[in-house]
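A.B. asks: Structure incoming, see below.
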Amino acid sequence: MTKAPSGHNGISYRHVDSITVDDHPPYVSPQEINPKANTQWVLTDLINMAQFLEPYVSGDGDKYKPPVIKKLTDHLNERVVLGGFKKSAGVKQKLTDVLAIYKGVNYLKTRSGGTWDDDFGANVITQTEDEVWASLV
């Protein structure tokens with residue numbers, strides 16, 4: 030397990046080699062979680078978040094009412110892989126961070142004139158592409 034370096038605005042999660050989109054390691058029993066343990070985000074948390082929120086997506090896709098955030102927090106806390114319990118404020122902030130990344134990628138894919146590949150990201154190869162990418166971020 031390695032800690033991912035913080036990205037833009039401190040956006041990061043912990044990478045665990047054994048976790049993929051298709052499966053997850055065993056969840057930690059809530060009774061075994063130390064209430065003082067720090068929250069850790071792993072890919073499984075982000076997948077669980079997206080799957081849980083799908084039926085709650087509003088017209089603009091980025092506003093969720095407090096009861097939905099509370100239910101999401103409870104849902105994630107029933108599925109802890111690493112670390113401690115998540116708090117509603119932290120879940121709301123992580124959702125804001127993820128949506129900011131999504132909006133940036135969506136802009137690149139649809140309106141910027143730049144390219145985005147779901148496998149290779151911005152796929153910056155040439156010096157000119159590097160300069161253009163640097164000006165966008």
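Here the numbering used here is used: the first residue of the sequence shown is 30, the next is one more, and so on. Idealized CB from N, CA, C, for every residue including glycine.
1. Taking only three categories from DSSP, how would you classify V120?
2. What residues are listed by DSSP as bridge partners for D146?
3. Apart from the five residues on each side of it in sequence, which residues of its chain come closer than 8 Å, Cβ to Cβ, to T68?
4. Buried or exposed: which applies to K123, given that a residue is buried once 16 or more other Cβ atoms fall within 10 Å of its Cβ?
5. Does the structure place the stretch 143-159 close enough to the stretch 92-104 that three or more beta carbon pairs sit under 8 Å?
6. In angstroms, rounded to a whole number, what distance separates the CA positions of D91 and E61?
7. Residues bridged to T155 by DSSP?
8. Between D74 and L105, how many whole angstroms is the CB-CB distance? I'm expecting something under 8 Å.
9. When the distance is taken between beta carbons, is L101 closer than 8 Å to L128?
10. Who are the Cβ neighbours of V153 in its own chain at under 6 Å, not counting the five residues just before and after it?
11. For N182, does the count of other Cβ atoms within 10 angstroms reach 16, so buried, or fall short, so exposed?
12. Enumerate in chain order the residues of its own chain whose CB-to-CB distance from K138 is below 6 Å, with the five nearest sequence positions on each side excluded.
13. On a Cα-Cα basis, can you pick out the residue from P59, A151, S164 that is closest to D103?
C.D. replies: Put simply:
1. V120 falls in the helix class under three-state DSSP.
2. Partner(s): G150.
3. Only G112, G113, F114, K115, K116, G119 meet the Cβ criterion.
4. Looking at its Cβ environment, which holds 16 or more other Cβ atoms inside 10 Å, K123 is buried.
5. Three or more Cβ pairs closer than 8 Å define a contact, and the stretch 92-104 falls short of that threshold against the stretch 143-159.
6. If you take the alpha carbons of D91 and E61, they lie about 34 Å apart.
7. Answer is none; T155 lacks a bridge partner.
8. Between the beta-carbon of D74 and that of L105 there is about 6 Å, and that keeps the pair under the 8 Å contact cut.
9. The Cβ-Cβ distance between L128 and L101 does not fall below 8 Å.
10. D159, W162, listed in sequence order.
11. Only positions 30 to 166 of the chain appear in the structure, and residue 182 is not among them; the question remains open.
12. So the qualifying residues of the chain are W145.
13. Of P59, A151, S164, the residue nearest in Cα terms is P59.
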